[in-house]
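Numbering (my numbering), first residue to last: 388 to 574. C-beta atoms are modelled at their ideal positions from N, C-alpha and C, and glycine is treated no differently. The structure appears right after this line, and notes come after that.
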């Protein structure tokens with residue numbers, strides 16, 4: 388967690404649909420979770436590892452904390468002009484509004500550690516990564532109702548970096564040829 392904002396990996400094209408598929412394979416494949424993805428997922432230019440952590444933690448939490456016999460996870464994305472709004476909605480137990488901020492604090496869990504395995508680190512990492520990108524994350528939920536984790540990911544970062552705009556540069560590579568001088572061969 389302490390290195391989440393210090394460890395930098397190179398930015399690259401990141402297909403969000405692939406990140407969702409990866410998270411589905413890791414956390415949903417051997418469960419009875421109904422997994423729905425709606426809306427066109429963008430291709431972002433960002434640090435793949437960090438986005439992967441965001442998506443993996445949100446999918447993992449939705450699966451791990453669901454108490455229903457037929458769990459459902461819906462993931463959607465909406466282009467909001469300057470931002471993408473991602474929504475992870477599950478049909479789990481819900482979260483009391485008094486805990487909406489607490490769940491994003493490191494080592495904070497809503498269940499006793501001796502009754503449920505959880506470190507309380509995942510959502511803290513998600514928040515740190517989203518904040519670092521200039522976005523915002525929040526939860527909308529009530530006990531006994533669906534839980535929605537929503538986060539905005541900016542198309543242009545707050546530091547002036549343009550993570551989602553691509554420019555193509557003309558290739559100026561020229562092949563160099565070397566002419567070797569003729570050498571006389573003694574016969």
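### Message
Helix, strand or coil, according to DSSP, for residue 446 in the structure here?
### Response
helix
### Query
Using the rule of at least 16 other Cβ atoms within 10 Å of the residue's Cβ for burial, across every protein chain shown, is residue 575 buried or exposed?
The requested residue 575 is not part of the displayed model; the chain covers only 388 to 574.
### Query
From 419, 417, 409, 404, pick the residue whose C-alpha is nearest to that of residue 425; which is it?
404
### Task
With a threshold of 16 other CB atoms inside 10 Å of the CB of residue 513, please say whether the residue is buried or exposed.
buried
### Task
Buried or exposed for residue 352, please, with buried defined as at least 16 other CB atoms from any protein chain shown within 10 angstroms of its CB.
The structure shown does not extend to residue 352, since the chain is modelled only from 388 through 574, so no value can be given for it.
### Task
Rank 519, 416, 457, 430 by C-alpha distance to the C-alpha of residue 578 and give the top, closest one.
This structure gives no information on residue 578, because the portion of the chain shown stretches from 388 to 574.
#### Entry: Nearest-angstrom Cα separation, counted from residue 448 out to residue 418
14 Å
### Task
Give me the Cβ distance between residue 517 and residue 540, rounded to the nearest whole Å; I'm assuming they're in contact under 8 Å.
7 Å
### Task
Could you check the C-alpha separation between residue 479 and residue 397 for me, to the nearest Å?
36 Å
#### Entry: Beta-bridge pairing of residue 460 - partner residues as DSSP gives them
422, 477
### Query
Does DSSP classify residue 401 as helix, strand or coil?
strand
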